[in-house]
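In the numbering used here, the protein residues as written are 28 to 456.
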Amino acid sequence: MIDLRVLRDAPDLVRASQLRRGADPSLVDSAVDLDARRRAALTDFERLRAEQKGLGKEVATASGEAKAELLGRAKALAEQVRTAQADAEAAAAELEEVVGRIGNVALDGVPAGGEDDFVVLREVGSPRDLAAEYGADFVPLDHLDLGERLRAIDTVRGAKVSGARFYYLTGVGARLELALLNAAMDAALAAGFTPMITPTLVKPEVMRGTGFLGEHADEVYRLEADDLYLVGTSEVALAGYHADEILDLSTGPQRYAGWSACYRREAGSYGKDTRGIIRVHQFHKVEMFSYTSVEDAEAEHERLLALEEQMLALAELPYRVIDTAAGDLGSSAARKFDCEAWLPSQQRYLELTSTSNCTTYQARRLGVRERTASGETRAVATLNGTLGTTRWIVAILENHQQADGSVRVPVGLRPYLGGLEVLPVVAPA
RNA sequence: GGAGGGCUGGCUGAGCGGCCGAAAGCGACGGUCUUGAAAACCGUUGAUGCGGGACACCCCCGUAUCCAAGGGUUCGAAUCCCUUGCCCUCCGCCA
Numbered sequence: 028m029i030d031l032r033v034l035r036d037a038p039d040l041v042r043a044s045q046l047r048r049g050a051d052p053s054l055v056d057s058a059v060d061l062d063a064r065r066r067a068a069l070t071d072f073e074r075l076r077a078e079q080k081g082l083g084k085e086v087a088t089a090s091g092e093a094k095a096e097l098l099g100r101a102k103a104l105a106e107q108v109r110t111a112q113a114d115a116e117a118a119a120a121e122l123e124e125v126v127g128r129i130g131n132v133a134l135d136g137v138p139a140g141g142e143d144d145f146v147v148l149r150e151v152g153s154p155r156d157l158a159a160e161y162g163a164d165f166v167p168l169d170h171l172d173l174g175e176r177l178r179a180i181d182t183v184r185g186a187k188v189s190g191a192r193f194y195y196l197t198g199v200g201a202r203l204e205l206a207l208l209n210a211a212m213d214a215a216l217a218a219g220f221t222p223m224i225t226p227t228l229v230k231p232e233v234m235r236g237t238g239f240l241g242e243h244a245d246e247v248y249r250l251e252a253d254d255l256y257l258v259g260t261s262e263v264a265l266a267g268y269h270a271d272e273i274l275d276l277s278t279g280p281q282r283y284a285g286w287s288a289c290y291r292r293e294a295g296s297y298g299k300d301t302r303g304i305i306r307v308h309q310f311h312k313v314e315m316f317s318y319t320s321v322e323d324a325e326a327e328h329e330r331l332l333a334l335e336e337q338m339l340a341l342a343e344l345p346y347r348v349i350d351t352a353a354g355d356l357g358s359s360a361a362r363k364f365d366c367e368a369w370l371p372s373q374q375r376y377l378e379l380t381s382t383s384n385c386t387t388y389q390a391r392r393l394g395v396r397e398r399t400a401s402g403e404t405r406a407v408a409t410l411n412g413t414l415g416t417t418r419w420i421v422a423i424l425e426n427h428q429q430a431d432g433s434v435r436v437p438v439g440l441r442p443y444l445g446g447l448e449v450l451p452v453v454a455p456a
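(1) Going by other Cβ atoms of all chains shown within 10 Å of its Cβ, with 16 needed for buried, is LEU98 buried or exposed?
(2) With PRO231 as the anchor, note down where its alpha helix (DSSP H) starts and where it stops.
(3) Give me, in chain order, the residues of the same chain whose beta-carbon lies closer than 8 angstroms to that of LEU265; leave out the 5 immediate sequence neighbours on both sides.
(4) Return helix, strand or coil for TYR470, following the three-state DSSP convention.
(5) Going by Cα to Cα distance, which pick from ALA361, ARG418 and GLU329 is closest to LYS312?
(6) Note down the Cα distance separating ASP71 from ALA111, rounded to an integer number of angstroms.
(7) May I have a chain-ordered list of the beta strand (DSSP E) segments no shorter than 3 residues that lie completely inside the segment 206-271?
(8) Using a Cβ-Cβ cut-off of 6 angstroms (strictly less than) and excluding sequence neighbours within five positions of VAL321, which residues of its own chain qualify?
(9) Skipping 5 residues on each side, what residues in its chain have a beta carbon closer than 7 angstroms to that of ALA211?
(10) Can you grab the Cα-Cα spacing for the pair ASP51 / LEU228, in whole Å?
(11) Please state if the CB of ALA206 and the CB of TYR376 are separated by a distance shorter than 8 angstroms.
(12) Since GLU150 sits in a beta bridge, which residues does DSSP pair it with?
(13) Could you check whether the Cβ of LEU265 sits closer than 7 angstroms to any heavy atom belonging to the ligand ZN?
(14) Beta carbon of PRO38, beta carbon of PRO154: below 8 angstroms?
(15) Are the Cβ atoms of THR386 and ASP365 separated by less than 8 angstroms?
(16) If we ignore side chains and look at the alpha-carbon of each, how far apart do GLY190 and ARG109 end up?
(17) Measure the alpha-carbon distance for ALA113 versus MET28 and round it to whole angstroms.
(18) Would you mind sorting PHE165 into buried or exposed? The rule is 16 or more other CB atoms within 10 Å of its CB.
(19) Under the rule that 16 or more other beta-carbon atoms within 10 Å means buried, what is ASP36, buried or exposed?
(20) For ARG100, count neighbouring C-beta atoms within 10 Å of its own C-beta (all shown protein chains included) and say buried if the count is 16 or more, exposed if not.
(21) Could you check which residue in GLY432, VAL41, ALA186 and GLY241 has the C-alpha nearest to that of ARG392?
(22) Check whether the Cβ atoms of LEU334 and ALA422 sit closer than 8 angstroms, and answer yes or no.
(23) Just the C-alpha distance for GLU232 and GLU327, rounded to the nearest angstrom, thanks.
(24) What are the boundary residues of the beta strand (DSSP E) that includes LEU377?
(25) Rounded C-beta distance between VAL452 and GLY432? I'm assuming under 8 angstroms.
(26) Using DSSP's beta-bridge definition, name the partner residues of LEU274.
(27) Taking 8 angstroms as the cut-off, decide whether the C-beta atoms of TYR195 and ARG202 are in contact.
(28) Taking only runs of the alpha helix (DSSP H) that begin and end inside the segment 161-213, which ones reach a length of at least 4 residues, in chain order?
(29) Taking C-beta to C-beta, are GLY130 and ARG48 nearer than 8 angstroms?
(30) Looking only at its chain, what residues have a beta carbon closer than 7 angstroms to the beta carbon of ALA390, apart from the 5 residues adjacent to it on each side?
(31) Which stretch, first to last residue, makes up the beta strand (DSSP E) that contains GLY130?
(32) Cα separation between LEU148 and GLU367?
(33) Which word fits GLY295, buried or exposed, when buried means at least 16 other C-beta atoms lie within 10 angstroms of its C-beta?
(34) Need the endpoints of the alpha helix (DSSP H) that VAL421 sits in, please.
(35) Would you grab the beta carbon distance between LEU134 and ARG362 for me? Rounded to a whole angstrom, and I think it's under 8 angstroms.
(36) Excluding sequence positions up to five away, which residues of its chain have a Cβ less than 7 angstroms from the Cβ of VAL41?
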């Protein structure tokens with residue numbers, strides 16, 4: 028939720044942000060009008076309510092005929108109070124509906140436009156030249172071919188048991204995921220994050236508060252019988268962790284690293300990334316989440332990005348960092364950096380991490396505040412970022428494949444695989 | 001699954017349908033005292049919205065809302081009724 032004060036005092040700022048996002052700027056004008064209407068209705072209600080309270084006190088002390096007369100007046104007034112209250116509540120609800128559709132104000136520097144209007148900040152490492160290494164006629168295997176030869180990935184049985192976009196990680200595949208996620212947890216721990224294993228089912232208000240029930244509500248699994256939602260990321264549970272609390276950030280940001288399963292319906296992505304485990308309904312992820320003061324948010328964002336890059340370096344993957352365009356931010360984020368690894372089989376980049384600065388947008392809706400040195404309360408900023416996911420296996424297998432279809436284990440992951448240096452082919456094609 | 005008991009401010013814990021945003025204690029903060037600290041004593045101490053005061057903020061004044069959540073009864077609800085959630089105890093069942 029955007030700050031109503033900003034909406035009131037600087038509607039141009041919000042309007043400009045909407046335009047950069049390719050969203051509807053007229054929502055801002057509707058919201059300003061509705062805000063004025065709500066305040067007027069509230070004032071009416073308060074005046075009547077105060078009158079009612081005063082009259083109530085007279086009723087309490089009166090008796091006999093005077094009391095009967097007062098009661099008559101009080102009854103009439105009660106009806107007016109009811110009406111005024113209903114008006115005020117209706118106006119507030121209407122305002123909330125419109126305000127909820129306005130996205131966070133994109134930070135200065137965020138490129139305008141949609142999905143394709145990102146800016147590449149840097150490219151790190153260089154894609155392997157497999158033709159030069161293994162001969163001009165070498166055809167790189169994709170992650171699924173490799174995964175099947177290593178007996179690491181089984182999508183056939185995943186589909187048999189659960190349907191399309193489900194898979195088993197088997198043997199070294201399962202070990203590789205555990206290794207990667209353990210390495211991610213260790214990196215987070217070393218950087219001062221508190222490790223967390225979080226619930227993956229959450230209540231509607233938490234899901235709504237984190238902003239996942241907006242435009243992309245159909246991406247989320249819902250358990251009708253229990254009125255609970257399956258999370259698409261532990262960000263949801265970590266953001267909800269301090270909901271309705273007043274935090275003490277005087278000693279710096281509060282940092283959490285969540286490990287959880289993630290569930291996504293992938294509605295609307297029919298036919299996209301159908302092969303292998305690039306786009307699946309269920310996967311695991313280690314996610315960083317920070318609560319900071321507004322002042323610290325941008326520095327924390329850089330910090331999260333640096334940690335992501337540290338993990339990509341540990342996995343020895345070539346990647347680029349992009350500054351996502353305003354239209355591709357999602358409602359809560361004010362800025363978002365993605366790291367995309369090179370995918371040899373497809374000759375393209377694939378998103379492996381995403382870190383968002385949600386400024387106070389998410390915290391305001393969830394009621395997460397801090398107490399400042401001077402004693403007031405105010406909304407905190409929230410940030411999140413990916414440290415490792417099942418999808419990383421795709422990039423690791425493809426980028427570290429060897430001529431015979433085996434896969435070299437990045438040095439940094441070896442300690443997590445009992446010193447294993449190579450994932451050997453056990454099921455040749 | 002069944003039967004009871006409970007849910008009040010940072011914590012403990014009172015609370016008769018109107019005088020209750022709520023006693024008291026603890027904690028915290030400020031002060032007195034002290035070379036300093038402790039103790040003692042004095043004082044302050046919930047959140048949020050709205051309106052006003054030369055109104056960006058702080059501050060002051062007024063007002064409303066919040067006693068698990070939602071609904072109802074009533075001129076008036078922390079207090080009575082209903083529904084839901086959560087916690088505790090007991091019984092049963094199953095990891």
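Backbone N, C-alpha and C fix where the C-beta goes; we use that ideal spot for every residue, glycine too.
So, from the listed chains and residues:
(1) Residue mapping note: residue 98 aligns to position 71 of the first sequence, counting from 1. A residue is called buried once 16 or more other Cβ atoms fall within 10 Å of its Cβ, and LEU98, having fewer, is exposed.
(2) Indexing the first sequence from 1 puts residue 231 at position 204. Here the alpha helix (DSSP H) through PRO231 covers 231-237.
(3) Position 238 of the first sequence, counted from the first residue, corresponds to residue 265. Apart from sequence neighbours up to five positions away, the residues of its chain that approach LEU265 with a beta-carbon distance below 8 angstroms are MET223, THR225, TYR283, GLY285, GLU314, PHE316 and ASN411, ordered along the chain.
(4) In this structure the chain extends from 28 to 456, so residue 470 is not present and cannot be described.
(5) Counting from 1 along the first sequence, the entry for residue 312 is found at position 285. Looking at the Cα atoms, ARG418 is the closest of the given residues.
(6) Counting from 1 along the first sequence, the entry for residue 71 is found at position 44. Counting from 1 along the first sequence, the entry for residue 111 is found at position 84. Straight across, the Cα-Cα distance linking ASP71 with ALA111 is about 7 angstroms.
(7) Here the runs fully enclosed are 221-224 and 255-257.
(8) The residue given as residue 321 occupies position 294 in the first sequence. Cβ contact annotation for VAL321 (same chain, cutoff 6 angstroms, sequence separation greater than five): ALA408, in chain order.
(9) One-based indexing of the first sequence puts residue 211 at position 184. So the list reads VAL313, MET338, LEU414 and GLY415, once near-sequence residues are dropped.
(10) Taking the first sequence and counting its residues from 1, one reaches residue 51 at position 24. Taking the first sequence and counting its residues from 1, one reaches residue 228 at position 201. The straight-line gap separating the alpha-carbon atoms of ASP51 and LEU228 is approximately 33 angstroms.
(11) Sequence index remark: in the first sequence, residue 376 carries index 349 (1-based). Sequence index remark: in the first sequence, residue 206 carries index 179 (1-based). No, the pair does not count as a contact, with Cβ atoms beyond the cut-off.
(12) Residue numbering aside, residue 150 sits at position 123 when the first sequence is read from its first letter. GLU150 is bridged to ARG347.
(13) Ligands are entirely absent from the displayed structure, and the ligand ZN is therefore not among its contents.
(14) Indexing the first sequence from 1 puts residue 38 at position 11. Indexing the first sequence from 1 puts residue 154 at position 127. Between PRO38 and PRO154, the CB-CB gap reaches or exceeds 8 angstroms.
(15) Here residue 386 refers to the residue found at position 359 of the first sequence. Here residue 365 refers to the residue found at position 338 of the first sequence. Result no, Cβ atoms of THR386 and ASP365 do not sit closer than 8 angstroms.
(16) For the purposes of this step, residue 190 is taken as residue 163 along the first sequence, with counting starting at 1. For the purposes of this step, residue 109 is taken as residue 82 along the first sequence, with counting starting at 1. Looking at the two C-alpha atoms, the distance is approximately 54 angstroms.
(17) Your numbering for residue 113 matches position 86 in the first sequence. Your numbering for residue 28 matches position 1 in the first sequence. Taking the CA atoms as reference points, ALA113 sits about 23 angstroms from MET28.
(18) Numbered from 1 along the first sequence, position 138 holds the residue referred to as residue 165. PHE165 is classed as exposed because its beta carbon has fewer than 16 other beta carbons within 10 Å across all chains shown.
(19) For the purposes of this step, residue 36 is taken as residue 9 along the first sequence, with counting starting at 1. By the neighbour-count definition (other C-beta atoms within 10 Å, threshold 16), ASP36 is an exposed residue.
(20) As a position in the first sequence, residue 100 is number 73, starting the count at 1. Taking all protein chains shown into account, ARG100 has fewer than 16 neighbouring C-beta atoms within 10 Å of its C-beta and is therefore exposed.
(21) Taking the first sequence and counting its residues from 1, the one referred to as residue 392 is at position 365. For ARG392, the nearest C-alpha among the options comes from GLY241.
(22) One-based indexing of the first sequence puts residue 334 at position 307. One-based indexing of the first sequence puts residue 422 at position 395. The answer is no: Cβ separation not under 8 angstroms.
(23) In the first sequence, residue 232 corresponds to position 205, counting from 1. In the first sequence, residue 327 corresponds to position 300, counting from 1. Between GLU232 and GLU327, the C-alpha separation is close to 27 angstroms.
(24) In the first sequence, counting from the first residue as 1, residue 377 sits at position 350. 375-384 is the extent of the beta strand (DSSP E) around LEU377.
(25) On the first sequence, residue 452 is found 425 positions in, with the first residue counted as 1. On the first sequence, residue 432 is found 405 positions in, with the first residue counted as 1. Distance from VAL452 to GLY432 at the Cβ level is roughly 5 angstroms; contact confirmed, criterion being Cβ atoms closer than 8 angstroms.
(26) Here residue 274 is taken as the residue at index 247 of the first sequence, counted from 1. Under DSSP, LEU274 takes part in a beta bridge, and its partners are GLU397.
(27) Here the question's residue 195 lines up with position 168 in the first sequence. Here the question's residue 202 lines up with position 175 in the first sequence. In this structure, ARG202 does not lie closer than 8 angstroms to TYR195 by Cβ.
(28) Fully enclosed alpha helix (DSSP H) runs of 4 or longer: 170-176 and 182-189.
(29) For the purposes of this step, residue 130 is identified with residue 103 of the first sequence, where counting begins at 1. For the purposes of this step, residue 48 is identified with residue 21 of the first sequence, where counting begins at 1. It is a contact, given that the beta carbons lie within the stated cut-off.
(30) Counting from one through the first sequence, the residue named residue 390 turns up at place 363. Within the same chain, ALA406, VAL407, ALA408 and THR409 come within 7 angstroms of ALA390 by CB-CB distance, once the 5 residues on both sides are set aside.
(31) Taking the first residue of the first sequence as 1, we reach residue 130 at position 103. Counting along the chain, GLY130 falls outside any beta strand (DSSP E), and DSSP gives it neither H nor E.
(32) Within the first sequence, residue 148 is the residue found at index 121, counting from 1. Within the first sequence, residue 367 is the residue found at index 340, counting from 1. If you take the alpha carbons of LEU148 and GLU367, they lie about 12 angstroms apart.
(33) By 1-based counting over the first sequence, the position of residue 295 is 268. Classification for GLY295: exposed.
(34) By 1-based counting over the first sequence, the position of residue 421 is 394. Run containing VAL421: 419-426, per the alpha helix (DSSP H) assignment.
(35) In the first sequence, the residue the question calls residue 134 occupies position 107. In the first sequence, the residue the question calls residue 362 occupies position 335. With 8 angstroms as the limit, LEU134 and ARG362 qualify as a contact, their Cβ atoms being about 5 angstroms apart.
(36) In the first sequence, residue 41 corresponds to position 14, counting from 1. So the list reads ILE29, VAL33, LEU34, VAL55, ILE129 and VAL132, once near-sequence residues are dropped.
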